[in-house]
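Report on one structure; see the data block that follows.
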Amino acid sequence: MNKTILTLAIASLSLVACKKDGEKADSQSAVDSTAVKTEDTAAAVMPDSATINKAWMDYATPGEAHKMMMAENGIWNGEMTMWMHAGAEPMKQTVSAEYKTVMGGRYQEGIHKGNFMGAPFEGKSTLAYDNATQEYTSTWIDNMGTGIMIMKGKYDPATKQFRMEGDCVDPVTKKTKKMREVVTVVDDNTRKMEMFDTGYDGKEFKNMEIISTRKK
844 MNKTILTLAI ASLSLVACKK DGEKADSQSA VDSTAVKTED TAAAVMPDSA
894 TINKAWMDYA TPGEAHKMMM AENGIWNGEM TMWMHAGAEP MKQTVSAEYK
944 TVMGGRYQEG IHKGNFMGAP FEGKSTLAYD NATQEYTSTW IDNMGTGIMI
994 MKGKYDPATK QFRMEGDCVD PVTKKTKKMR EVVTVVDDNT RKMEMFDTGY
1044 DGKEFKNMEI ISTRKK
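Using the numbering used here, the final residue of the sequence shown is 1059, and nothing's skipped along the way.
In structure tokens, the structure reads:
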């Protein structure tokens, strides 16, 4: 009899404890739900029309970065050196590029021509400076592939370098790999471009360098 009473007492205490825990959980859930609703309400607040108009105006207006892109307009002749892999013998070619700004000075477009292992080479680049993110975005396509390479980065006035990073797909492994580009403004009429690839060992190596001079 004593054992039965003790068992019932323990069971009753357990039920009470579970009920209290459940009430606490329900209470916390209600608090969390209220917090989510409050955040959703705050996120749904519509900015006034003046704020929206100014933001879009600032976003669409070319600035100092776009003036730098316009300074690149013209024809450039380049001496290109390529390395197929780390430690490979360098291959040298001559290339040319013509840059112009489009869409009211908001973007730069480049047409690149040359020779690659005896075959005609053609590439096209675009460069943008995003006023909202305050970084550069470049795209590249050419007749040696079917993909688009996209890089993003910033300009460092101290070193006079554009430093860009991005990904591309290796057609051999079908996997994504890292790419890096550094463009140095040597002087008003000279540019040095260095491209860094990722080898099959996972290590970075320099695979291209182009010294370009503006055609006068």
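From the three backbone atoms N, C-alpha and C, an ideal C-beta is built for every residue, glycine too.
### Query
So is N986 buried or exposed if we call it buried at 16+ other beta carbons inside 10 Å?
exposed
### Query
Anyone know if the C-beta pair for I991 and K967 falls short of 8 Å?
no
### Task
Look at the Cβ atom of A940, then the Cβ atom of I954, and state whether they are nearer than 8 Å.
yes
### Task
Take the Cβ of D1044 as the centre, count every other Cβ of all protein chains shown within 10 Å, and call the residue buried at 16 or more, exposed below.
exposed
### Message
Rounded to the nearest angstrom, what separates E1052 and M1038 at their Cα positions?
### Response
6 Å
### Message
What does DSSP give as the partner residue(s) for Q1004 in the beta ladder?
### Response
D999 and T1027
### N986 - DSSP class collapsed to helix/strand/coil
coil
### Task
With DSSP as the reference, label Y902 as helix, strand or coil.
helix
#### Entry: Given 8 Å, three or more beta-carbon pairs between the region 905 to 921 and the region 965 to 981
yes
### Query
From A962 to G921, what distance separates their C-alpha atoms?
17 Å
### Minimum C-alpha distance to P1014 - residue among A971, K956, G1042 and I918
G1042
### Task
Could you pull the start and end residues of the alpha helix (DSSP H) that H909 belongs to?
E907 to M913
### Query
When the Cα atoms are used, what is the spatial distance from A898 to Y972?
16 Å
### Message
On the DSSP letters alone, give me the boundaries of the beta strand (DSSP E) that A931 sits inside.
### Response
Looking at the DSSP string, A931 is not in any beta strand (DSSP E), and its letter there is neither H nor E.
### Query
Secondary structure at I991, three-state DSSP: helix, strand or coil?
coil
### Query
Is G947 closer than 8 Å to P905 when the C-beta atoms are compared?
yes
### Task
Taking R1023 and S1055 to be in contact with their CB atoms under 8 Å, please state how far apart those CB atoms are, rounded to whole angstroms.
About 19 Å; that fails the 8 Å criterion.
### N-terminal and C-terminal residue of the beta strand (DSSP E) that A971 is part of
A962 to D973
### Message
Please classify G996 as buried or exposed, where buried requires at least 16 other C-beta atoms within 10 Å of its C-beta.
### Response
buried
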